[in-house]
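Here's the structure, in structure tokens; my notes come after.
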Amino acid sequence: MAKDLVCGMDVDPARTPHHARHDGAEYHFCSAGCRTKFIASPATYLAKQATPASSRPSTSSDAIYTCPMHPEIRQQGPGTCPICGMALEPEMPSLDDEENPELRDFGRRFWWTLPLTVVVFVLGMFGDRMPIPADTRSWIELAFATPVVLWAGWPFFERCVQSIRNLSPNMWTLIGIGVAAAFGYSTVAVLAPGVFPPSFQAHGRVAVYFEAAAVIVSLTLLGQLLELRARSKTSAAIKALLGLAPRTARRIRADGVEEDIPLEHVHVGDTLRVRPGEKVPVDGVAIEGRSSIDESMLTGEPMPVTKSPGDRVIGATINGTGSLLMRAEKVGSDTVLAQIVQLVAQAQRSRAPMQRMADKVAFWFVLAVLGVAVATFFAWGVFGPSPSWTYAVLNAISVLIIACPCALGLATPMSIMVATGRAAGSGVLFRDAEAIEHLRRIDTLIVDKTGTLTEGRPAYQEAIGFGECTPDDVLRVAASLDQGSEHPLAAAIVDEARRRNVTLARADDFESVTGLGVRGRIEGRDVLLGNTRLMEGANVSIDTMREQAERFRSEGASVMFLAIDGRLAGLIAVSDPIKASAAPALEALRRAGMHVIMATGDGATTAQAVARKLGIDEFHGEVSPADKAALVQRLKRQGRRVAMAGDGINDAPALAAADVGIAMGTGTDVAMSSAQVTLVKGDLRGIVRARALSEATVRNMKQNLGFAFAYNAIGVPVAAGVLYPAFHVLLSPMLAALAMSLSSVSVVTNALRLNRVSFDETGDAS
């Protein structure tokens with residue numbers, strides 16, 4: 001069975017619509033609802049799929065194209081959207097993209113026929129002052145207008161027919177009908193003037209409107225050229241990200257010889273040299289040397305970050321004056337840069353809730369305009385002044401042309417595309433448009449402690465033994481058990497044991513109890529390591545060490561108890577410094593009207609110490625992942641709009657339950673996959689930036705929608721002639737075409753203003 005082009009799922013014949021075949025291709029839907037266009041037969045396509053990508057050239061026809069207004073439309077190669085008729089764009093722009101084929105085609109049609117349009121316009125508007133007989137003038141206009149309408153305007157008619165066949169009325173429905181009406185009426189008037197009654201005649205002949213048809217086509221082409229050029233700028237953010245990646249890397253072979261190789265030839269485990277001023281080629285870890293690396297292009301943070309052996313480095317960041325040796329750990333699509341590009345592209349193609357309303361309105365709006373045009377035609381024909389039917393034709397065409405729903409359809413997608421690109425440049429990744437729209441409404445923020453408010457790189461502080469266990473015994477057993485844990489606290493314990501050259505034992509039956517601790521068997525004994533709740537659940541009394549634990553917690557340290565064979569054996573204290581950016585970020589969030597709550601798996605005393613330092617009024621300690629999710633649900637039932645910020649696996653349930661989940665980019669993949677927003681740097685100031693950008697984006701979308709609705713609310717009645725009785729003002733179809741073209745361009749231009757949103761040091765928009 002055929003597979004879907006994008007998601008790889010089986011094509012579902014039952015979901016294939018009745019209009020599946022058109023424009024020489026076959027369309028199918030997969031079981032997930034993705035729409036795939038087979039340029040050839042499905043069998044031919046599958047054969048091409050089986051060919052390794054490395055053995056076939058990458059061309060624009062291989063790329064996936066999608067509609068900015070209807071992202072569910074995805075096909076291989078360029079084309080037009082069967083719903084709105086808009087030119088499709090590459091889903092993933094590349095630095096090697098050629099000029100948009102539609103932009104090139106429309107440019108050729110516009111410039112080759114523009115002189116003909118000028119001739120027709122001059123004859124139509126000023127012909128009465130020329131020494132040319134009226135009948136001869138009409139024949140000349142027909143000759144010059146025909147290539148303009150039938151060749152330059154042919155794509156409009158194709159899309160008009162497609163919209164009618166697909167039962168998807170759109171702007172091309174109106175333009176196609178309007179131009180066809182003006183040209184068809186005028187052609188019949190020249191070839192067979194006798195079929196018209198006297199009421200159609202003016203100045204001794206049947207009036208013709210070739211100039212209206214030709215000018216409408218030329219102005220529509222001009223508007224499309226301006227719009228396509230403006231739309232191309234919305235992909236500038238992705239292209240800028242793609243341009244960050246270096247082309248080559250310097251690899252050190254096993255024999256010590258250094259060589260420059262293409263980036264795509266770097267493999268996991270390769271040793272690479274990063275010289276001063278060079279870009280880090282891929283993600284990895286520094287193994288030798290010391291330098292400062294500028295990560296601002298990915299994180300939005302201007303200060304270089306010092307890197308030494310053991311520190312992680314991100315591909316595409318810029319090395320400073322030092323030299324580094326690094327080990328490659330993530331290459332290709334697994335790198336941070338590649339994932340950022342994917343997230344930005346995905347968010348740009350998602351649909352905002354506000355867009356659903358615009359889509360519904362646009363569909364019924366086109367049908368209403370067709371009705372208004374028919375009503376205008378008959379109202380002017382029956383009740384208008386002489387020549388009444390001439391006025392009827394002109395005003396009906398004006399109504400069709402000016403009522404372009406394209407501006408309405410572009411209002412939110414353009415804002416989303418620009419905003420997601422701008423956010424990525426500030427270290428904020430939105431997963432979809434819904435997150436952008438919802439974030440501005442958040443009034444309550446729940447934050448985890450470790451890795452969110454603190455650095456997430458805890459340092460071992462002290463171990464205390466109990467009974468027969470010495471502090472060294474406690475460290476050895478705890479580190480042996482923690483070898484299998486992913487938690488930062490565990491890493492601090494294991495690192496300390498290795499620093500002391502402690503010989504670690506193998507852990508059997510290891511189990512991580514998310515949010516509580518770990519358990520397993522060390523040297524045949526049952527071992528527990530975790531917080532108070534883990535000990536209570538196992539009926540292990542900690543009363544004898546409670547006072548010592550509270551002393552560490554009051555200083556902000558995290559405490560883990562160790563139990564062996566059901567009896568308390570000691571405790572370990574690990575401290576995690578608070579991020580320097582946490583306090584100013586929280587203050588900025590409070591100024592923005594957010595109520596901040598801290599929820600952590602650490603003890604209540606530790607939570608209180610950190611909360612006191614950061615000015616957090618409400619905090620919850622020793623909460624499990626289920627408790628965090630329950631806290632989110634309880635606040636939502638109270639009518640709060642809740643965001644959750646965290647970085648660990650234990651935060652994933654709460655991230656998914658929140659109205660907006662915010663993951664630290666320095667955290668786990670599970671947390672990031674559960675969240676709608678990811679902060680690349682893991683800095684809470686990113687939330688301030690994201691919220692400010694959310695407000696600016698929604699404001700921009702409302703401006704665009706407001707303009708589109710106001711434009712049509714004013715333009716359609718004027719085109720229908722409501723001002724004529726009082727002011728004798730009518731709107732020429734040519735002016736209607738100009739207004740229609742400029743409306744779409746203005747919406748795109750307004751959306752591009754989001755690129756100018758800037759932020760101060762606290763993250764606030766400035």
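First residue of the sequence shown: 1, per full-length UniProt numbering; consecutive thereafter.
Ideal Cβ placement from N, Cα and C applies to all residues, glycine included.
Since this is a predicted model, take the numbers as computed values, not measurements.
(1) Is DSSP giving SER744 helix, strand or coil here?
(2) Between the beta-carbon of VAL632 and the beta-carbon of THR600, is there less than 8 Å?
(3) Going along the chain, which residues of its own chain have a beta-carbon closer than 7 Å to the beta-carbon of ALA368, five neighbours each way excluded?
(4) Identify the residues that DSSP records as bridge partners of ASN319: which are they?
(5) Where does the unbroken beta strand (DSSP E) through ARG275 begin, and where does it stop?
(6) Give the straight-line distance between the Cα atoms of GLY33 and LEU635, rounded to the nearest whole angstrom.
(7) Just checking, does the segment 322-334 make contact with the segment 276-295 on the three C-beta pairs under 8 Å criterion?
(8) Is the Cβ-Cβ distance between ARG251 and PRO262 less than 8 Å?
(9) In this structure, does DSSP put TYR391 in helix, strand or coil?
(10) Looking at the secondary structure, which residues open and close the beta strand (DSSP E) in which PHE144 lies?
(11) Can you tell me whether DSSP reads ASP565 as helix, strand or coil?
(12) Please report the residue range of the beta strand (DSSP E) in which THR678 lies.
(13) Distance check for ALA609 and ALA708, CA to CA, integer angstroms please.
(14) Ends of the alpha helix (DSSP H) at ALA254?
(15) Would THR220 and PHE156 be called neighbours here (beta carbons separated by less than 8 Å)?
(16) Compute the Euclidean distance between the alpha carbons of VAL494 and ALA479, then round it to the nearest angstrom.
(17) Give the single residue among ASP526, GLU468 and CYS67 whose Cα lies nearest to the Cα of ASP565.
(18) Relative to the C-alpha of residue 767, which candidate in GLY646, ALA573 and ALA403 has its C-alpha closest?
(19) Keeping to the same chain, check which residues put their C-beta closer than 6 Å to that of PRO193; ignore five residues upstream and five downstream.
(20) State yes or no: is the C-beta of VAL305 within less than 8 Å of the C-beta of SER292?
(21) How close, in whole Å, do the beta carbons of ALA557 and VAL574 come, if the pair is a contact with beta carbons under 8 Å?
(22) Please report the distance separating the alpha-carbon of ASN750 from that of ASN700.
(23) Closer than 8 Å is the cut-off here; do at least three beta carbon pairs connect the segment 147-164 with the segment 123-131?
(24) Give me the residue from ASN395, PRO387 and SER694 with the minimum Cα distance to MET417.
(25) Go ahead and label HIS267 buried or exposed: buried means 16 or more other beta carbons lie within 10 angstroms of its beta carbon, across all protein chains shown.
(26) Name the one or two DSSP bridge partners that PRO262 has.
(27) Might you give, ordered along the chain, the residues of its own chain that have their beta carbon closer than 6 Å to the beta carbon of ILE616, omitting 5 neighbours on each side?
(28) Let me check understanding here. Comparing Cα to Cα, which of VAL559, VAL748 and GLY639 lies closest to GLN461?
(29) Considering just the uninterrupted stretch of the alpha helix (DSSP H) at HIS620, what are its terminal residues?
(30) To the nearest whole angstrom, what separates the beta carbons of VAL540 and LEU571, a pair I think is in contact under 8 Å?
(31) Give me the residue from VAL215, PRO78 and PHE561 with the minimum Cα distance to GLY537.
(32) Could you say if the segment 469-484 and the segment 726-742 meet the contact criterion of at least three C-beta pairs nearer than 8 Å?
(33) Taking buried to mean at least 16 other C-beta atoms within 10 Å of its own C-beta, is HIS265 buried or exposed?
(34) First and last residue of the alpha helix (DSSP H) that includes SER186?
(35) So for LYS48, helix, strand or coil by DSSP?
(36) Should the segment 389-398 be called in touch with the segment 175-195, which here means at least 3 C-beta pairs below 8 Å?
If we stick to the structure as given:
(1) helix
(2) The answer is no: Cβ separation not under 8 Å.
(3) For ALA368, where only same-chain residues beyond five positions count, there are no Cβ hits under 7 Å.
(4) ILE293
(5) Note, ARG275: premise wrong, no beta strand (DSSP E); not H, not E.
(6) Note that GLY33 scores 42 on pLDDT, short of 50, meaning its location in the model is unreliable; the coordinates nonetheless yield the value given after this. Cα-Cα distance, rounded: 35 Å.
(7) yes
(8) no
(9) Of the three classes helix, strand and coil, the one that applies to TYR391 here is helix, per DSSP.
(10) Counting along the chain, PHE144 falls outside any beta strand (DSSP E), though it belongs to the alpha helix (DSSP H) covering 134-147.
(11) coil
(12) Judged by DSSP secondary structure, THR678 falls within the beta strand (DSSP E) whose first and last residues are 677-679.
(13) 53 Å
(14) Per DSSP, ALA254 belongs to no alpha helix (DSSP H) and is neither H nor E.
(15) Yes, they are a contact pair.
(16) Using only the alpha carbons, I get a separation of about 5 Å.
(17) Put simply, of ASP526, GLU468 and CYS67 the residue whose alpha carbon is nearest the alpha carbon of ASP565 is ASP526.
(18) Because the chain in this structure spans residues 1 to 766, residue 767 falls outside the shown range and cannot be described.
(19) VAL206
(20) Yes, these two residues count as a Cβ contact at 8 Å.
(21) 6 Å
(22) 7 Å
(23) no
(24) When the alpha-carbon of MET417 is set against those of ASN395, PRO387 and SER694, the nearest one is in SER694.
(25) exposed
(26) THR248
(27) VAL596 and MET598
(28) VAL559
(29) That residue, HIS620, is in no alpha helix (DSSP H); its beta strand (DSSP E) goes 618-620.
(30) Their Cβ separation, rounded to whole angstroms, is 12 Å, which puts VAL540 and LEU571 out of contact at 8 Å.
(31) PHE561
(32) no
(33) exposed
(34) Note, SER186: alpha helix (DSSP H), 171-191.
(35) For LYS48, the predicted model reports a pLDDT of 36, less than 50, meaning its position is unreliable; a value from the coordinates is still stated below. Three-state DSSP puts LYS48 in a helix.
(36) yes
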